[in-house]
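Written out below as structure tokens is the structure these notes cover.
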Amino acid sequence: MRGTFDSAEFHAKYVLNMTNPPEYLREYFASFYDSPDPCDLYCNYDQVIDKLQLDKLKEKLTLSRPVQSHRILTYVYLEMVIASILNVKASEQLFVTHMWLYMSWNNQFISWDPQKFCGIKHIVVRSDTLWKPDIIIEEMLEKDKIAPSPFLKVNSFGEVVQRIDQVVTGTCRMNVYKFPFDTQRCTISFKSLMHSDDEIRFVVNTNTTLVSKWSHHAMQSQHEWRFVKMTVTKKTNNFYFGSNQTVIVYTVFMQRRPIQHAVNFLLPIFFFLCMDLASYLIPDSGEQKISFRITVLLAVTVLQLILHEILPSSSDRVPLIGKHPDSLALVGRCFT
106 MRGTFDSAEF HAKYVLNMTN PPEYLREYFA SFYDSPDPCD LYCNYDQVID KLQLDKLKEK
166 LTLSRPVQSH RILTYVYLEM VIASILNVKA SEQLFVTHMW LYMSWNNQFI SWDPQKFCGI
226 KHIVVRSDTL WKPDIIIEEM LEKDKIAPSP FLKVNSFGEV VQRIDQVVTG TCRMNVYKFP
286 FDTQRCTISF KSLMHSDDEI RFVVNTNTTL VSKWSHHAMQ SQHEWRFVKM TVTKKTNNFY
346 FGSNQTVIVY TVFMQRRPIQ HAVNFLLPIF FFLCMDLASY LIPDSGEQKI SFRITVLLAV
406 TVLQLILHEI LPSSSDRVPL IGKHPDSLAL VGRCFT
């Protein structure tokens, strides 16, 4: 029967007796040389897992909130950082962003004394081993295709930490009246799917300056938009079971970069305006004036079709950039 390999025994019997041990062995046991406590040679995470009985109590630890009494609240600390603004589809009123979500909560059934386990203060376990809060995003339309992290970090005092990296595609009601010099506000709202305030309470950092600073530092891509700031607020909804439910609302402020649209739309509109004014210099008796104005009318119609594909049809107000082409088209029809 084959025995198990004991790295500590191998180190004591062979490596220490070598005059010039190989480099790979010195690197492998470097942590042992620097260890202040000899017991570190024999400590591992499995001992902590065995003490917590995570393998035996897996079903019990995932069935319900990890509290000693049902009257005890579970406080969930939540922080969100915007890493990228991937796309903003104004015509469909969709907001696509890449975000990092940090959550932590206390599990009253999980704790150990680090001094009894060679100073091990935290372990990393599979995410299906422990209970997790059922957090959803109200605005989300498409399920994220990125696989969630399969691990949770558990600290010795019972804190459980989860980090989520996901792409969110959600709804965003947009006001494009000042297009392309508009600033949009899109919200990402977090809440529990089933738990009310009598069971779960959210704790967030509402410091707008600090929250915005985190996202500014983490920002990797902004597409055609410039991230301005992000605010955090709390609101209470009447839960459909009769209890109140707290909703954490992150509001993302972003400003459109107007250069591309200014070149593609504002300059052509100015050019059409000049052409429209120049048409009054053409004699009324000739057919050249009619042909010229028809050409301008067709160009304006093409511009309107392009704007229709970009701007949302459900907007409450007609964008300023769309009013001038309409005026040119109306005047052109009257004179032709």
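All the letters of the sequence shown, read from the start, carry residue numbers 106 to 441 under the numbering used here. From the three backbone atoms N, C-alpha and C, an ideal C-beta is built for every residue, glycine too.
Top-ranked residue by Cα proximity to residue i, from the options
{"i": "residue 264", "options": "270, 171 and 405", "result": "171"}
{"i": "residue 373", "options": "291, 352, 408 and 181", "result": "408"}
{"i": "residue 243", "options": "354, 414 and 160", "result": "354"}
{"i": "residue 261", "options": "214, 193 and 293", "result": "214"}
{"i": "residue 399", "options": "380, 386, 275 and 272", "result": "380"}
{"i": "residue 175", "options": "305, 231 and 277", "result": "305"}
{"i": "residue 273", "options": "293, 157 and 254", "result": "293"}
{"i": "residue 444", "options": "315, 276 and 284", "result": "Since the displayed the chain opens at 106 and closes at 441, residue 444 lies outside it and no answer follows."}
{"i": "residue 332", "options": "414, 166, 317 and 338", "result": "317"}
{"i": "residue 153", "options": "322, 275, 298 and 230", "result": "230"}
{"i": "residue 302", "options": "309, 209, 337 and 343", "result": "343"}
{"i": "residue 223", "options": "150, 352 and 178", "result": "150"}
{"i": "residue 297", "options": "258, 352, 177 and 361", "result": "352"}
{"i": "residue 414", "options": "191, 166, 195 and 322", "result": "195"}
{"i": "residue 442", "options": "259, 337, 347 and 314", "result": "A query on residue 442 cannot be resolved here, the shown segment of the chain reaching from 106 to 441 and no further."}
{"i": "residue 203", "options": "401, 396, 370 and 324", "result": "324"}
{"i": "residue 206", "options": "309, 169, 178 and 314", "result": "309"}
Straight-line Cα distance separating residue j from residue i
{"i": "residue 181", "j": "residue 268", "result": "13 Å"}
{"i": "residue 198", "j": "residue 227", "result": "43 Å"}
{"i": "residue 280", "j": "residue 212", "result": "44 Å"}
{"i": "residue 449", "j": "residue 247", "result": "With the chain represented from 106 up to 441, any question about residue 449 goes unanswered, as that position is not in the structure."}
{"i": "residue 266", "j": "residue 255", "result": "12 Å"}
{"i": "residue 157", "j": "residue 217", "result": "8 Å"}
{"i": "residue 221", "j": "residue 357", "result": "46 Å"}
{"i": "residue 335", "j": "residue 252", "result": "26 Å"}
{"i": "residue 383", "j": "residue 411", "result": "25 Å"}
{"i": "residue 164", "j": "residue 155", "result": "15 Å"}
{"i": "residue 159", "j": "residue 330", "result": "46 Å"}
{"i": "residue 249", "j": "residue 271", "result": "6 Å"}
{"i": "residue 320", "j": "residue 359", "result": "12 Å"}
{"i": "residue 189", "j": "residue 361", "result": "15 Å"}
Whole-Å CB distance - residue i paired with residue j, under 8 Å assumed
{"i": "residue 183", "j": "residue 307", "result": "6 Å"}
{"i": "residue 341", "j": "residue 350", "result": "7 Å"}
{"i": "residue 377", "j": "residue 405", "result": "6 Å"}
Min CB distance residue i to chain D below 8 Å
{"i": "residue 402", "result": "Chain labels in this structure do not include chain D; a single protein chain is all it has."}
*Tell me, please, whether the region 276-293 touches the region 232-239 by the rule of three or more beta-carbon pairs shorter than 8 Å.*
no
_Those runs of the beta strand (DSSP E) which lie wholly inside the region 277-320 and span at least 3 residues_ = 288-297 and 305-308
*Entirely enclosed beta strand (DSSP E) segments - the region 190-223, minimum 3 residues*: 199-211
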